[in-house]
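Position one of the sequence shown corresponds to residue 26 (the working numbering), numbered consecutively onward. Yeah, the Cβ is synthetic: ideal placement off N, Cα and C, and Gly gets one too. See structure below.
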Amino acid sequence: MPELRKDPVLGRWVIISTERSKRPEDFSTPSSPPEKECPFCLGKENMTPPEVFSIKGNQGNWRVRVVPAKKEFIKKEGELWKKGKGPYDLINGIGYHEIIIETPNHIANMADLDESHIHDTLLTYCLRIKDIAKDERMKYVLIFKNYGFTAGGGTVKHSRSQLIATPINLKRVKEELEGSKFYFDYHERCVFCDIINQELNNKERVVLDQDGFVVLVPFAPRFPFEIWILPKRHSPDYCKISEEELWGLSRVLKKVLFKMKTLLKDPHYNYVLHTAPFRRPYPGYWSTIEEDYHWHIEITPNLSRVAGFEWGTGFYICPVLPEEAAKFLREA
Ligand SMILES: [Zn+2]
Ligand SMILES: [Zn+2]
Ligand SMILES: [Zn+2]
């Protein structure tokens, strides 16, 4: 029997379709179109806009480099304005759109970077968020990765992530914040801490438990082999991560991405870092966020197409049982 499952944070229902349950080998990654000249390799710095940040290695060469996106969705210069026209609200496109180049070498998948480059990348996320926090106009910084052309990663196969900072809170993040607060108001506990405890007791959806992080396939995933990485230490802000935790996360992220690469034959994927928004300009509004929200990373391999039913209803059909997905990933 197919099962309907509800995500405890968002209250979103998904259908776990066991009838047409798929195995890892049922998914394939389409072959890539030809690659263009890579603007992200060492020595090609003049092909990108001037860097805004970098981490240098012993030889003076950069290890991680941040540049504004060439085709920025939003720009940081200018005065922020807001308008209303009847039912329509408008804000001009003020914000940051940056590319975080994770290695000077032409390596496509983050899974193939060494831990020290992953560490420097994760540290860069933190330092960029802290820097952008000084810009009073910004409310949120979203860090994400598009790997592979079907996941929006284009044809250049050079490992990188993106950062977008916005003067508004983003819908999906807002839903998560509201869901977490709702749960906290009722239970007086963090929903993510509760999820971690439940999953560690039961273990059937746990992929990894090491270095202070839990990796799991969520109870009600939208997509096959969707994976969450959660710090065991409760904290709403990614930027408050310790140096020891950064190294732990580097090891965990590499391991998970490598498992995914092995099991699903180098699938295209996205990940997002969900951290708390900047708490301004209404500090009172965020009264319980320190206790109710818990930062995390969500990874979704790009294995199935979202079709009309999902678009029309926001109700997803996941063709793999989460417990089986976790088992495959544990053993990969
Ligand atoms: Zn390159
Ligand atoms: Zn928590
Ligand atoms: Zn999330």
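Practice task
Tell me, to the nearest whole angstrom, how far the beta carbon of Glu-229 is from that of Ala-357; I am working on the premise that it is less than 8 Å.
Solution key: Position 204 of the sequence shown, counted from the start, is the residue given in the question as residue 229. Position 332 of the sequence shown, counted from the start, is the residue given in the question as residue 357. Their Cβ separation, rounded to whole angstroms, is 16 Å, which puts Glu-229 and Ala-357 out of contact at 8 Å.
Exercise for the section: Would you check whether ligand 1 has a heavy atom nearer than 6 Å to the C-beta of Phe-65? Expected result: As a first step, residue 65 is located in the sequence shown; it is residue number 40 there, counting from the start. True, at least one ligand heavy atom lies under 6 Å from that Cβ.
Problem - Run of the alpha helix (DSSP H) containing Ile-20, from where it starts to where it stops - result: In the structure as shown, the chain starts at 26 and stops at 357, and residue 20 therefore has no counterpart that could be examined.
Practice task
Look at the Cβ atom of Leu-166, then the Cβ atom of Ile-124, and state whether they are nearer than 7 Å.
Solution key: Reading the sequence shown from its first residue, position 141 is the one you call residue 166. Reading the sequence shown from its first residue, position 99 is the one you call residue 124. Residue 166 is actually Val in this sequence, not Leu. Against a cut-off of 7 Å, the Cβ pair of Ile-124 and Val-166 comes out as no contact.
Handout entry: Residue closest to Met-163, alpha-carbon to alpha-carbon, out of Ile-116, Val-181, Pro-129, Ala-176
Key = Within the sequence shown, the letter at position 138 stands for residue 163. Met-163 has its Cα closest to that of Ile-116, out of Ile-116, Val-181, Pro-129, Ala-176.
Problem - the segment 189 to 206 / the segment 26 to 36 touching (three or more Cβ pairs under 8 Å) - result: yes
Problem - Alpha carbon of Ala-158 to alpha carbon of Ala-301, nearest angstrom - result: Mapped onto the sequence shown, residue 158 falls at position 133. Mapped onto the sequence shown, residue 301 falls at position 276. Taking the straight line from one Cα to the other gives about 12 Å.
Practice task
Work out the CA separation of Trp-87 and Pro-129 for me, nearest whole Å.
Solution key: Here residue 129 corresponds to residue number 104 of the sequence shown, with the count starting at 1. Here residue 87 corresponds to residue number 62 of the sequence shown, with the count starting at 1. Roughly 7 Å between the two C-alpha positions.
Problem - Euclidean distance between Cα positions of Leu-152 and Cys-264 - result: What you label residue 152 is simply residue 127 of the sequence shown in a count that begins at 1. What you label residue 264 is simply residue 239 of the sequence shown in a count that begins at 1. Cα to Cα, the separation comes out at about 8 Å.
Practice task
Pull up the CB-CB distance for Val-240 and Ile-221, whole angstroms please, since I reckon it's below 8 Å.
Solution key: In the sequence shown, the residue the question calls residue 240 occupies position 215. In the sequence shown, the residue the question calls residue 221 occupies position 196. Val-240 to Ile-221, Cβ: 11 Å. No contact.
Handout entry: Where the beta strand (DSSP E) containing Tyr-165 begins and where it ends
Key = Numbered from its first residue, the sequence shown carries residue 165 at position 140. Here the beta strand (DSSP E) through Tyr-165 covers 165 to 172.
Exercise for the section: Inspect the beta-carbon positions of Val-232 and Glu-224 and report whether they are closer than 7 Å. Expected result: Along the sequence shown, read from residue 1 onward, the residue named residue 232 stands at position 207. Along the sequence shown, read from residue 1 onward, the residue named residue 224 stands at position 199. For Val-232 and Glu-224, no; Cβs fall outside 7 Å.
Practice task
Answer yes or no: the CB of Phe-217 versus the heavy atoms of ligand 2, is any distance below 6 Å?
Solution key: Position 192 of the sequence shown, counting from 1, holds the residue named residue 217. Flag set: Cβ of Phe-217 near ligand 2.
Practice task
Taking only the alpha-carbon atoms, compute the straight-line gap between Pro-256 and Gly-237 and give it to the nearest angstrom.
Solution key: As a working mapping, residue 256 is identified with position 231 in the sequence shown. As a working mapping, residue 237 is identified with position 212 in the sequence shown. Near 6 Å, if we compare the C-alpha coordinates of Gly-237 and Pro-256.
Exercise for the section: Run the proximity test for His-259: is its beta-carbon closer than 6 Å to any non-hydrogen atom belonging to ligand 3? Expected result: What you label residue 259 is simply residue 234 of the sequence shown in a count that begins at 1. The answer is no for His-259.
Exercise for the section: State the DSSP-derived secondary structure class of Ala-357, mapped to helix, strand or coil. Expected result: Against the sequence shown, residue 357 aligns to sequence position 332. It is coil, neither helix nor strand.
Handout entry: Asn-222, DSSP secondary structure in three states
Key = As a first step, residue 222 must be located in the sequence shown, where it is residue number 197. Of the three classes helix, strand and coil, the one that applies to Asn-222 here is helix, per DSSP.
Exercise for the section: Within 10 angstroms of the Cβ of Gly-109, are there 16 or more other Cβ atoms? Answer buried if so, exposed if not. Expected result: Against the sequence shown, residue 109 aligns to sequence position 84. Exposed is the call here.
Problem - Burial state of Lys-279, where buried means 16 or more other Cβ atoms lie within 10 Å - result: Within the sequence shown, the letter at position 254 stands for residue 279. Buried, by the Cβ-count rule.
Exercise for the section: Work out the CA separation of Leu-288 and Lys-95 for me, nearest whole Å. Expected result: One-based indexing of the sequence shown puts residue 95 at position 70. One-based indexing of the sequence shown puts residue 288 at position 263. Taking the straight line joining both Cα atoms gives about 34 Å.
Problem - Distance between Asp-234 and Ala-133 (C-alpha atoms, nearest Å) - result: Counting from one through the sequence shown, the residue named residue 133 turns up at place 108. Counting from one through the sequence shown, the residue named residue 234 turns up at place 209. Spanning the two alpha carbons is a distance of roughly 27 Å.
Practice task
List in chain order: all unbroken beta strand (DSSP E) runs of 3+ residues lying wholly within the segment 75 to 137.
Solution key: 78 to 81, 87 to 93, 107 to 110, 113 to 116, 121 to 126
Problem - His-299: CB within 6 Å of a non-hydrogen atom of ligand 3 - result: On the sequence shown, residue 299 is found 274 positions in, with the first residue counted as 1. His-299 Cβ: within cutoff of ligand 3.
Practice task
Would you verify that the beta carbon of Thr-146 is, or is not, closer than 7 Å to some beta carbon of chain C?
Solution key: Given the protein chain composition of this structure (a single chain), no chain C is represented.
Exercise for the section: Look up Asn-295 in the DSSP assignment and give the residues it is bridged to. Expected result: Locating residue 295 in the sequence shown gives position 270, where the first residue counts as 1. Partner(s): Asn-171, Thr-325.
Exercise for the section: Quick one: measure Cβ to Cβ for His-131 and His-183, integer angstroms, because I've assumed they're closer than 8 Å. Expected result: Within the sequence shown, residue 131 is the residue found at index 106, counting from 1. Within the sequence shown, residue 183 is the residue found at index 158, counting from 1. Confirmed, Cβ separation roughly 6 Å.
Handout entry: Short Cβ contact (7 Å threshold) for Leu-147 with Pro-249
Key = Sequence index remark: in the sequence shown, residue 147 carries index 122 (1-based). Sequence index remark: in the sequence shown, residue 249 carries index 224 (1-based). Not closer than 7 Å, so no.
Problem - C-alpha distance - Glu-59 paired with Lys-101, whole-angstrom precision - result: Translated into positions along the sequence shown, residue 59 becomes position 34. Translated into positions along the sequence shown, residue 101 becomes position 76. For the sequence presented, residue 59 should be read as Pro rather than Glu. Straight-line Cα distance between these residues: approximately 33 Å.
Practice task
May I ask which residues mark the beginning and end of the alpha helix (DSSP H) holding Ile-314?
Solution key: On the sequence shown, position 289 is the one that residue 314 refers to. That run of the alpha helix (DSSP H) goes 314 to 317.
Exercise for the section: Could you work out which residue in Met-26, His-299, Glu-62 is closest to Gly-179 when comparing CA atoms only? Expected result: Against the sequence shown, residue 179 aligns to sequence position 154. Closest option to Gly-179, Cα to Cα, is Glu-62.
Problem - Inter-residue spacing [alpha-carbon to alpha-carbon] between Met-285 and Glu-268 - result: Position 260 of the sequence shown, counting from 1, holds the residue named residue 285. Position 243 of the sequence shown, counting from 1, holds the residue named residue 268. Distance between the alpha carbons of Met-285 and Glu-268: 26 Å.
Practice task
Just confirm the distance between the C-beta atoms of Gly-173 and Tyr-294, as a whole number of angstroms; I'd bet it's less than 8 Å.
Solution key: Translated into the one-based positions of the sequence shown, residue 173 becomes position 148. Translated into the one-based positions of the sequence shown, residue 294 becomes position 269. 7 Å between Cβ atoms; contact.
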